[in-house]
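Everything in the sequence shown is counted per full-length UniProt numbering, starting at 1 for the first residue and increasing by one. Report on one structure; see the data block that follows.
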Amino acid sequence: MASDIRKGIIRDLTHNTRLANTEVFFNKLLPVPPETIENIKKTCSDQGLLGDNGWSKFPNVNDEQKKFGEDLFYPAFVEAAEHIRKTALELQGPKVAQKLINTCWIDRHSRPPKSLKSEDIPASIRPDVLNVTGSKDIEKKIIALEKLIREKYEQKESDSSDTTKVKKLEKVLAANKLLAIWWAQLHVAVEVKESSDDAYLEDSVIQLCTYLREMLRQQPDRRFVLGIILSGYKLTVWLCDRSGLLGTARAIDIHDSPHCFIQVIAGLALLEPHRLGWDPTMRLYIPATPDHSERFLPSYEYEFHVSADKLLHYQTHWAIDMPSDNDRSNRVCFITLQTVAAAAAEVMCGRATLVWEAILHTEKDNLSPGIYIIKQCWRARNHTISEGEVYDIPQLFHNPEDPNPRLTNRKYSSEDVMIGEHLDTTLDLIRQGITPEHVSPAPLEKKRQRPEDHEPLLHTKSTNATDIHTTVAYADIEPVLRGLSRVALKIWGWPIKFFRDIPELLRILRDAIADHYLLILNGVLHRDISPSNIIISPITPSVVKTRGYLIDFDHIKQSQDYHTVEEIVERQNPCSAVEKQTTPEGVQTAISALHGLSIDRDVAVVALKACSQQGGRAAMYIYETVKAIHKITKKGTTYTSEDLRWNELNMKPLPTFEDHQPRQGTRTGTLPFMSPEVIACDTLYQGLTWKPRNFGNFIHQGIHDMDSVLSILNFICITRGGPGGDRREELISKYDDVLSDDSEDFKRIKELRNLVRKLFDIDDPAELRNTKWRFFRNPALMDAEVFGSFHPNFEALKPLARNWYTTLRHAYEFSRYEYYDIHRHFLATLDEFIQNFEENSPTLTPEFLQAKHAVDRKRQDYLKKRLSMFKLEEEPLPTDVEEDRVPVQLEETQSPLSRRKRRKVRAGEENKGEAGGNKRLDSSNYTSLLQVCEE
Numbered sequence: 001m002a003s004d005i006r007k008g009i010i011r012d013l014t015h016n017t018r019l020a021n022t023e024v025f026f027n028k029l030l031p032v033p034p035e036t037i038e039n040i041k042k043t044c045s046d047q048g049l050l051g052d053n054g055w056s057k058f059p060n061v062n063d064e065q066k067k068f069g070e071d072l073f074y075p076a077f078v079e080a081a082e083h084i085r086k087t088a089l090e091l092q093g094p095k096v097a098q099k100l101i102n103t104c105w106i107d108r109h110s111r112p113p114k115s116l117k118s119e120d121i122p123a124s125i126r127p128d129v130l131n132v133t134g135s136k137d138i139e140k141k142i143i144a145l146e147k148l149i150r151e152k153y154e155q156k157e158s159d160s161s162d163t164t165k166v167k168k169l170e171k172v173l174a175a176n177k178l179l180a181i182w183w184a185q186l187h188v189a190v191e192v193k194e195s196s197d198d199a200y201l202e203d204s205v206i207q208l209c210t211y212l213r214e215m216l217r218q219q220p221d222r223r224f225v226l227g228i229i230l231s232g233y234k235l236t237v238w239l240c241d242r243s244g245l246l247g248t249a250r251a252i253d254i255h256d257s258p259h260c261f262i263q264v265i266a267g268l269a270l271l272e273p274h275r276l277g278w279d280p281t282m283r284l285y286i287p288a289t290p291d292h293s294e295r296f297l298p299s300y301e302y303e304f305h306v307s308a309d310k311l312l313h314y315q316t317h318w319a320i321d322m323p324s325d326n327d328r329s330n331r332v333c334f335i336t337l338q339t340v341a342a343a344a345a346e347v348m349c350g351r352a353t354l355v356w357e358a359i360l361h362t363e364k365d366n367l368s369p370g371i372y373i374i375k376q377c378w379r380a381r382n383h384t385i386s387e388g389e390v391y392d393i394p395q396l397f398h399n400p401e402d403p404n405p406r407l408t409n410r411k412y413s414s415e416d417v418m419i420g421e422h423l424d425t426t427l428d429l430i431r432q433g434i435t436p437e438h439v440s441p442a443p444l445e446k447k448r449q450r451p452e453d454h455e456p457l458l459h460t461k462s463t464n465a466t467d468i469h470t471t472v473a474y475a476d477i478e479p480v481l482r483g484l485s486r487v488a489l490k491i492w493g494w495p496i497k498f499f500r501d502i503p504e505l506l507r508i509l510r511d512a513i514a515d516h517y518l519l520i521l522n523g524v525l526h527r528d529i530s531p532s533n534i535i536i537s538p539i540t541p542s543v544v545k546t547r548g549y550l551i552d553f554d555h556i557k558q559s560q561d562y563h564t565v566e567e568i569v570e571r572q573n574p575c576s577a578v579e580k581q582t583t584p585e586g587v588q589t590a591i592s593a594l595h596g597l598s599i600d601r602d603v604a605v606v607a608l609k610a611c612s613q614q615g616g617r618a619a620m621y622i623y624e625t626v627k628a629i630h631k632i633t634k635k636g637t638t639y640t641s642e643d644l645r646w647n648e649l650n651m652k653p654l655p656t657f658e659d660h661q662p663r664q665g666t667r668t669g670t671l672p673f674m675s676p677e678v679i680a681c682d683t684l685y686q687g688l689t690w691k692p693r694n695f696g697n698f699i700h701q702g703i704h705d706m707d708s709v710l711s712i713l714n715f716i717c718i719t720r721g722g723p724g725g726d727r728r729e730e731l732i733s734k735y736d737d738v739l740s741d742d743s744e745d746f747k748r749i750k751e752l753r754n755l756v757r758k759l760f761d762i763d764d765p766a767e768l769r770n771t772k773w774r775f776f777r778n779p780a781l782m783d784a785e786v787f788g789s790f791h792p793n794f795e796a797l798k799p800l801a802r803n804w805y806t807t808l809r810h811a812y813e814f815s816r817y818e819y820y821d822i823h824r825h826f827l828a829t830l831d832e833f834i835q836n837f838e839e840n841s842p843t844l845t846p847e848f849l850q851a852k853h854a855v856d857r858k859r860q861d862y863l864k865k866r867l868s869m870f871k872l873e874e875e876p877l878p879t880d881v882e883e884d885r886v887p888v889q890l891e892e893t894q895s896p897l898s899r900r901k902r903r904k905v906r907a908g909e910e911n912k913g914e915a916g917g918n919k920r921l922d923s924s925n926y927t928s929l930l931q932v933c934e935e
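This is the structure we're talking about:
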């Protein structure tokens with residue numbers, strides 16, 4: 001939706017849009033020799049394009065008796081720009097021109113595919129004037145491409161019988177593939193407005209940023225992008241990199257300053273590719289065919305053919321050079337197989353993480369080439385170490401004495417990318433050290449009504465006809481220096497939601513928690529636990545034998561301040577000399593009298609340390625801890641420190657993270673899985689009530705990441721129907737037609753969808769925080785609405801989820817030992833649950849068992865596809881599908897849809913497939929289509 005795109009742009013660029021002195025901007029970012037500018041200016045005059053009053057082909061907007069629209073500006077701009085480009089190249093000579101990007105200016109205003117609707121295909125919002133890469137016949141190819149796009153979309157609209165989400169999704173994706181080719185050709189975007197009124201400036205900038213954002217998304221080898229706004233005769237130039245947006249502070253009048261207009265267009269034609277945003281460390285890889293050998297070439301040199309190409313993130317092969325794992329001075333070439341994650345590519349200010357599966361070029365002809373993960377991001381260089389450096393921490397990944405190293409041998413190599421002899425950074429290399437102007441924000445004189453809650457991206461005050469003096473609110477915030485970083489990993493796999501059965505799901509969760517605990521013990525906190533960051537990695541070539549890994553260390557923080565858990569808690573709860581008069585024996589007596597509970601003396605001593613030597617508080621803490629861990633108190637049993645898991649509080653020092661200096665901006669994490677404390681940047685309790693403490697120094701700790709682990713378990717059990725990652729049937733709209741509004745099934749499904757929206761499909765942090773807060777305040781509500789919404793196939797996992805929730809709630813309430821030592825509690829609970837589950841595993845339903853075997857087939861097909869990507873000979877993969885017990889159908893009352901309605905849905909699908917004559921997508925295709933859109 002266009003509104004969503006606008007929101008994303010405003011989110012990225014508010015407080016990240018800055019202005020630079022126009023002359024400095026031009027001379028540093030678009031430098032052209034003065035003599036070249038004068039020679040081009042002379043040829044423009046000789047050709048009649050430039051006269052005494054300026055550019056002759058542009059309409060005279062000062063003629064009050066005539067009204068001009070934008071239509072007259074497009075051909076005038078293109079004609080002038082194309083003449084400047086050609087003349088600039090001719091002046092350089094053919095040898096120099098061959099080393100530059102071959103582009104041309106095109107006016108596409110007269111022939112856009114008008115039938116495309118931006119609400120269905122956001123990428124259809126495109127500029128009408130563009131500078132594209134390619135040969136002299138590129139305009140004909142663009143026209144042919146747009147015709148195909150229009151045809152694909154019109155096929156979707158004209159098919160009245162096509163009502164299923166899958167079939168419409170197919171056609172939308174087909175149009176998007178063609179649109180991706182269109183956007184891949186775009187070099188510079190131009191936004192044209194007939195009016196130079198400053199009241200329209202913000203909308204013009206946002207509209208231009210819509211194009212720049214899509215260019216960043218569709219061009220993985222683009223480090224930054226450039227755009228132009230022409231408002232009447234006023235021209236501004238904008239650069240968007242991953243530190244935000246930088247524009248010219250003063251608009252130039254192209255008639256009064258034709259040399260500036262010439263410099264901009266000539267600079268875009270004459271600068272080296274990396275000076276215009278292209279990444280020289282990435283090239284397109286074209287596999288060998290019977291007609292030609294394999295090729296490596298920059299994407300801007302690729303001549304696409306509309307009928308055959310599928311130039312999309314998820315299908316393009318890139319050649320990426322990385323250091324060798326044995327010798328960093330040597331370089332090796334990786335060939336990407338497919339894009340694993342590209343959702344962040346469009347980020348205009350941030351890390352913009354991209355992830356590919358890849359193989360070494362030297363192994364592409366092997367029967368079983370090793371599969372690697374290549375990950376790149378624009379990390380903040382002045383605050384955190386890179387992900388590659390995390391893997392280099394000796395005690396984490398290179399401990400030869402560890403008999404079972406959890407994190408060892410995961411990295412192949414890593415680097416901070418260099419362009420020539422310089423680090424590829426936003427502020428130093430891309431922006432050439434330009435210092436933004438700091439202008440005090442002045443409110444815009446509103447000539448058009450805006451929503452009351454709209455915070456302007458730009459504040460403007462005009463001093464004359466050409467001075468814009470635009471700045472963002474809070475312009476004194478310094479931009480974040482970011483640098484391009486890459487890491488090649490030896491591990492790969494699938495997100496945890498694609499598990500094959502419950503035992504595997506439990507093992508993967510345990511492996512991830514163990515990874516997180518090891519990181520904590522070595523002073524590293526992950527801070528972004530989500531389903532995408534816990535992967536199921538096959539022990540090649542098996543698809544059944546797997547292990548879990550915690551990945552993505554983009555948001556880690558470090559600490560060198562270590563204390564034992566007992567020291568941390570005692571320091572957080574100091575006591576006075578008077579309070580120390582309470583004795584352990586007094587606590588033993590009190591808890592026995594109040595609760596009939598027997599504890600040994602060590603438990604009382606440890607509890608008093610945690611509770612400022614307050615006997616009553618210590619007795620309550622002990623009692624609540626016993627309830628949280630053991631659920632019921634057994635009279636006659638004497639509880640020891642080991643029973644309460646307090647026996648190792650002094651054995652392993654843990655980092656406090658109090659020495660970490662937080663960066664500017666919001667808290668890190670994937671919003672639906674963030675702890676409510678992290679979202680609120682505050683603690684949840686005050687005394688025994690659920691109110692913010694307002695300490696003012698909130699610290700992200702390990703407990704908040706374990707809170708995210710519980711959210712992941714809830715997410716899988718609520719939104720999935722079983723193995724394989726398919727969304728549960730009640731959440732798919734195709735079931736709406738078979739349910740009446742007054743049926744019990746409809747009401748239950750409506751409540752389920754509302755819960756999913758509130759917990760997992762929400763982008764409002766405040767609303768999500770309040771929802772999670774409400775569930776933590778009320779255990780009965782949590783049990784009824786959240787755990788009660790688990791799919792019947794996950795009924796057996798409710799006790800685990802309840803235990804983790806109870807432990808978290810207890811830890812949040814008291815902020816004592818469990819708060820800082822949460823991993824041991826989570827792991828102990830999980831180990832006990834796994835043991836009981838294996839001994840008393842429930843009987844699988846036929847549907848669950850069928851889904852499990854479907855996962856195995858998908859995994860084997862996936863590996864075969866990876867091996868045959870470049871027509872390699874395939875090595876037979878083992879079929880090690882485990883045998884399951886004879887399935888018994890669960891009681892029908894456990895199913896969310898009645899048997900009759902299930903039959904009605906299935907019959908409707910079968911009849912529709914036969915009547916329509918179209919082959920219905922199988923579950924694997926459906927999952928892949930949805931995954932592309934969801935991710």
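We treat Cβ as the ideally placed atom computed from N, Cα and C, and that holds for glycine.
Where does residue i fall in DSSP's three states?
| i | result |
| --- | --- |
| T236 | strand |
| residue 947 | A query on residue 947 cannot be resolved here, the shown segment of the chain reaching from 1 to 935 and no further. |
| Q588 | helix |
| D424 | coil |
| W804 | helix |
| I629 | helix |
| N53 | coil |
| Q558 | strand |
Assuming contact is defined by CB atoms lying nearer than 9 angstroms, are residue i and residue j in contact in what I supplied?
| i | j | result |
| --- | --- | --- |
| P653 | T564 | yes |
| L246 | L429 | no |
| T435 | G244 | no |
| E785 | F794 | no |
| L755 | F715 | no |
| A341 | M282 | no |
| I703 | Y812 | yes |
| V355 | S413 | no |
Please look up how many angstroms separate the CB atoms of residue i and residue j, rounded, as I've assumed it's under 8 angstroms.
| i | j | result |
| --- | --- | --- |
| L13 | M348 | 6 angstroms |
| L521 | I556 | No, L521 and I556 are not in contact; Cβ-Cβ is about 14 angstroms, not under 8 angstroms. |
| A796 | F837 | 7 angstroms |
| K490 | R410 | 6 angstroms |
If you draw a straight line from the alpha carbon of residue i to that of residue j, how long is it in whole angstroms?
| i | j | result |
| --- | --- | --- |
| V129 | F73 | 10 angstroms |
| V487 | E79 | 45 angstroms |
| L827 | A610 | 23 angstroms |
| H516 | N102 | 49 angstroms |
| P273 | H187 | 10 angstroms |
| R777 | L752 | 21 angstroms |
| Q560 | E387 | 18 angstroms |
| V480 | A380 | 6 angstroms |
| S530 | Q98 | 47 angstroms |
| I535 | I502 | 15 angstroms |
| I84 | I262 | 7 angstroms |
| G483 | D554 | 13 angstroms |
| D707 | A76 | 59 angstroms |
Any heavy atom of the ligand MN within a distance shorter than 8 angstroms of the CB on residue i?
| i | result |
| --- | --- |
| F498 | Because no ligand of any kind appears in the structure shown, any question about the ligand MN cannot be addressed here. |
Tell me the start and end of each unbroken beta strand (DSSP E) in the segment 327-353 that is at least 3 residues and wholly inside, in chain order.
For the segment 327-353, whole beta strand (DSSP E) runs of length 3 or above, ordered along the chain, are 331-341.
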